[in-house]
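J.: The numbers in my numbering rise by one with no breaks, and the one at position 17 of the sequence shown is 17. Each residue gets a CB set at the ideal place from its N, CA and C atoms; glycine is no exception. Take this structure first; my questions come after.
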Amino acid sequence: MKKEKILVVGNWKMNPETANKAKEIFRGIKAETKDLKNTKIVVCPPFVYLSDLEKMNDGSVILGAQDMFWEKSGPFTGEISAQMLEKEGYVILGHSERRGLGETDEMVSKKVISAIKAHLHPILCLGEKIRDEHGEYLHFLRNQIINSLGKLPKTYLSKLVIAYEPIWAIGQAEAMKPADIHETSLFIKKVLAEIYKQKTILSIPVLYGGSVSADNAKEIITLGEVQGLLVGRESLAPKKFGELLKAVEIL
Ligand code: PGA
C-alpha cells in the first residue's frame with residue numbers, strides 16, 4: 001500500500017507586514033524544501049500575498065488560505081468565497097483565533113461544507129481552551145466536532161482534514177506531550193466513527209498544532225501518531241521550518 005505523505009501546513013496568520021518580506025520568506029521556504037519527497041507542504045499566507053507567491057511557485061509548495069466565507073458572492077463586505085480560491089487547494093477553517101472573534105461552530109460547519117463543494121480541502125481546527133482534571137474538555141471537544149461538521153455528508157469526507165490545536169498549547173514554549181496528542185487524536189477518531197462509519201473515517205488525516213518546532217516535530221508524528229502538523233511561528237522562519245520539514249521527511 002502506498003504510504004501517505006505527512007502533511008505540514010504553515011499558518012502565517014497576519015504576518016509578515018510587507019509583500020516583499022512575504023516573497024523573501026517564501027523564496028527561503030522553497031529553497032529549503034526542493035528535495036523533499038515524502039512531505040506535502042502547504043503554506044497559508046494572508047490573502048493579499050497569495051497571487052504574488054503563486055507566481056513564484058513551481059509546485060513544490062501548495063498555497064492555501066486562512067479562512068473563507070460560505071456564500072459564493074454578494075453583499076458580504078470583506079469576505080472571500082471558496083470560488084475565489086485555487087481549486088483543489090487547502091483552507092484553514094475554524095482556527096481558535098477566528099473562533100475567539102466570534103465565529104461559531106455553526107458558521108464553521110457552513111464554511112466546511114462550502115469549501116468541499118468548491119473542491120477545496122478544509123483544514124478544520126478543533127481544540128479545547130483548558131484541560132480540567134474531570135475530563136470536561138472531552139465533552140467540549142465532542143460537541144465541537146459534532147457541531148463543526150454539522151450536516152457534512154459522508155461523501156464529502158475524502159476532502160476533509162482535521163487539525164487538533166489545544167488553545168493552551170498555541171504560541172507557547174512547549175507543545176503538548178506526544179502521549180496526550182495520541183490519546184486525543186484517538187478520541188477525535190472515535191467521535192468521527194460515531195458520526196460516520198468506522199471505515200470512512202480512517203482516511204481522514206488528523207494534524208496536531210500548537211508550538212510545533214524542529215525539535216519536537218518528529219516525536220509528535222511518531223509517538224503522537226498524527227498524520228501531519230499545523231505550524232504557526234516556525235513557518236515564518238525558512239531555516240527553522242526547513243529543519244522541521246527535514247525531521248519529518250526522514251521518518
Ligand atoms: P504556533 O501556532 O505554532 O505559533 O503555536 C499554531 C497555530 O495557531 O496554528
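Would you kindly work out how many angstroms separate the C-alpha atoms of K239 and T222, rounded to a whole number?
T.: Whole-angstrom Cα-Cα distance: 22 Å.
J.: For N57, which of K72, N38, M68 and K23 has the nearest alpha-carbon?
T.: Per the Cα distances, K23.
J.: Please list, in chain order, all residues of the same chain as A65 whose beta carbon is under 8 Å from its beta carbon, the five residues on each side excluded.
T.: Once the five neighbours on either side are set aside, the close Cβ partners of A65 are C44, F47, L50, I80, L85, G89, Y90, V91 and I92.
J.: Quick one: is the Cβ of S185 within less than 7 Å of any heavy atom of ligand 1?
T.: Answer for S185: no, Cβ out of range of ligand 1.
J.: Helix or strand or just coil, what does DSSP make of K13?
T.: In this structure, K13 counts as coil in the three-state DSSP scheme.
J.: Just checking my contact of V231 with L244 at CB under 8 Å: how many whole Å lie between their CB atoms?
T.: Between L244 and V231 the Cβ distance is about 7 Å, and since that is below 8 Å, they are a contact.
J.: Would you grab the beta carbon distance between I256 and G224 for me? Rounded to a whole angstrom, and I think it's under 8 Å.
T.: Residue numbering for the chain in the displayed model covers 1 to 251; residue 256 lies beyond these limits and cannot be assessed.
J.: Quick one: which unbroken alpha helix (DSSP H) runs of 4-plus residues sit fully inside the region 1–72? Chain order, please.
T.: The qualifying runs are 19–33 and 50–56.
J.: Short of 7 Å in beta carbon distance, which residues of its chain neighbour Q68, apart from the five on each side in sequence? Order them along the chain.
T.: As written in the sequence, residue 68 is Met, which differs from the Gln given in the question. Cβ within range, chain order: I80, S81, A82, L85, V91, K111 and A115.
J.: Taking Cβ positions, are H119 and K87 nearer each other than 8 Å?
T.: Cβ distance < 8 Å, so H119 and K87 count as in contact.
J.: I need the DSSP call for G228, collapsed to helix, strand or coil.
T.: Three-state result, G228: strand.
J.: Taking P208 as part of the beta strand (DSSP E), name the residues at either end of that continuous run.
T.: Per the sequence shown, the amino acid found at residue 208 is Tyr instead of Pro. Segment V206 to G209, the beta strand (DSSP E) holding Y208.
J.: Could you tell me which uninterrupted alpha helix (DSSP H) segments, each at least 4 residues in length, are contained entirely in the region 92–117, listed from first to last along the chain?
T.: Here the runs fully enclosed are 96–99 and 105–117.
J.: Within 7 Å: the Cβ of V212 and any heavy atom of ligand 1?
T.: Yes, the Cβ of V212 comes within 7 Å of a heavy atom of ligand 1.
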